[in-house]
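One structure below.
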Amino acid sequence: MGIKDFFKKLKEDNQGFLSTMSRMNGAGLLGEVNHGIKDGDFWDGAYVNIEKDKNDGKEKGVIYGSAQKDYWFTKEDVTDISLVEKEKLYDEPVINQGQSKVAAFRYRITFADGKKAQFDILMTKLERFSDFFGAELPDMSKYQ
1 MGIKDFFKKL KEDNQGFLST MSRMNGAGLL GEVNHGIKDG DFWDGAYVNI EKDKNDGKEK
61 GVIYGSAQKD YWFTKEDVTD ISLVEKEKLY DEPVINQGQS KVAAFRYRIT FADGKKAQFD
121 ILMTKLERFS DFFGAELPDM SKYQ
């Protein structure tokens, strides 16, 4: 591979990087994809948002990352969603946002096409996530 081909491939491999950065800093960010599912279908380090789909203008969930194509889904595409309980509020998972750590809650999701994901959803976005996808909310009285 020549130098020209190398840089062409590098550009192709990183074409989603800037858009990924702007998306994860936007208001639609719900959390991160956690690769806790063996042979999972999504890249560890990807993110999950609620955004308007450019194709039909409807709000949907989207899993995205600089190393993978967008995976769009609706509530109807989710066949199973379950909360993974934790002992303390700031036990793993926590998500770094800037210089602070935000508690997150882990959900396992199965989609109608058979794909599976494990999401770490920011505590500050739990209600939005629950309202949009019908997920159960954690019993926050356990963490008081």
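If you count by the working numbering, then the sequence shown holds residues 1 to 144, one letter each, in order.
Beta carbons are placed, not taken as given, at the ideal position from N, Cα and C, and that holds for glycine.
Check	Outcome
Sufficient close CB pairs (3 or more, under 8 Å) joining the segment 39-48 to the segment 76-83	no
C-beta atoms of serine 82 and arginine 108 nearer than 8 Å	yes
Closest by C-alpha distance to glutamate 87, when choosing among Gly28, Asp139 and Asp5	Asp139
Stretch pair the segment 27-34 + the segment 113-133: three plus CB contacts closer than 8 Å	yes
Environment of leucine 137 [buried if 16+ CB atoms lie within 10 Å]	exposed
Same chain only: Cβ atoms within 6 Å of isoleucine 37, ignoring 5 sequence neighbours per side	Lys116 and Gln118
Glutamate 51 - containing beta strand (DSSP E), residue span	47-52
Selected residue, minimal CA-CA separation from glutamine 144, among Ile50, Tyr90, Tyr71 and Lys4	Tyr90
Neighbourhood of phenylalanine 105 by C-beta, 8 Å cutoff - its chain only, sequence neighbours within 5 removed	Leu83, Val84, Lys86, Pro93, Asp120, Ile121, Met123, Leu126 and Pro138
Boundaries of the alpha helix (DSSP H) in which serine 130 is found, first to last residue	126-133
Secondary structure of lysine 58, DSSP reduced to three states	coil
Those runs of the beta strand (DSSP E) which lie wholly inside the segment 67-94 and span at least 3 residues	68-73 and 78-84
Where aspartate 5 sits in the DSSP three-state scheme	helix
Same chain, Cβ closer than 7 Å to threonine 110, neighbours up to 5 away in sequence not counted	Thr79, Asp80 and Lys116
8 Å CB neighbourhood of glutamine 97 in its chain, flanking five on each side removed	Leu122
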